[in-house]
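Here is the structure we will look at.
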Amino acid sequence: MWDYFQKKFPHYTLDDMKQHWQQSRSHVLEVYCSEHSQLTRQGETLGMVTFRFGLRHGDLATFFGRCRLYDLIWQIRPRHIWVSPKCGPWSNWNRLKAMKSMKCAQQIDQDRRAESVHLKICDALFRLQDWRGDDFHFHLEQPAGSELIFQHDMDNIVRHTLRVTCDMC
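Numbering (my numbering), first residue to last: 126 to 294.
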């Protein structure tokens, strides 16, 4: 992400970058969400400036999709970035399924590798918000039991954020 911004705006100095990022134009950006996600809808109900970035806006597994996300973030500079990447490959169900056979375990491992780009995106978004300062926040949503937070690419996020567990009942 930083390389993308540096190539797109080579004339910006570090001070120019800091000044740009300190001026937020939105309250919430929700990434990896459905077309009718409640978080964005409820924020709008409260009068917040909110944005969604779901699959319809760009496939983040592709360079083009990531560029579209980075361009949106550059424009709206959200105060909060809320991400909820797919939990399937790291779910309790897949952990159980992996014990059925070597073939299932290999397929789940392959699925996890394919999804690892999304963990790197989450880390990049966290680092951006962290760099911007205490007024900017990053939120990661995963169901209880997901092994996603135990992946190496998530270490920085896990070490530098607070964990909240919600009872969904």
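Idealized CB from N, CA, C, for every residue including glycine.
Unbroken alpha helix (DSSP H) stretches of 4 residues or longer found wholly inside the region 133 to 162: 139 to 147, given in chain order. By the CB criterion at 7 Å, R150 and T165 fall outside the cutoff. In terms of Cβ geometry, W146 and R257 form a close pair [threshold 7 Å]. Residue pairing for I201: DSSP places it in no beta bridge. With contact defined as three or more Cβ pairs closer than 8 Å, the region 215 to 230 and the region 263 to 280 are in contact. By a beta-carbon distance limit of 8 Å, S226 does not contact Y157. Their separation comes to about 30 Å. Taking the Cα of D184 as reference, the smallest distance to any Cα among E240, D278, F261 is reached at E240. Under a 10 Å Cβ-count criterion, W127 is classified as exposed, with fewer than 16 other Cβ atoms of the shown protein chains found around its own Cβ. C-alpha of D280 to C-alpha of I274: approximately 8 Å in a straight line. For L221, the number of other beta carbons within 10 angstroms of its own is below 16, and it is reported as exposed.
Along the region 165 to 242, the alpha helix (DSSP H) occurs as fully enclosed runs of 4 or more residues at 188 to 201, 217 to 223, listed in sequence order. Annotation: T138 to G172 spans about 34 Å, alpha carbon to alpha carbon.
Each residue's CA atom was taken as its position, placing F188 and H243 some 12 Å apart.
By the neighbour-count definition (other C-beta atoms within 10 Å, threshold 16), C291 is an exposed residue. At a Cβ-Cβ threshold of 7 Å, R204 and F261 count as neighbours.
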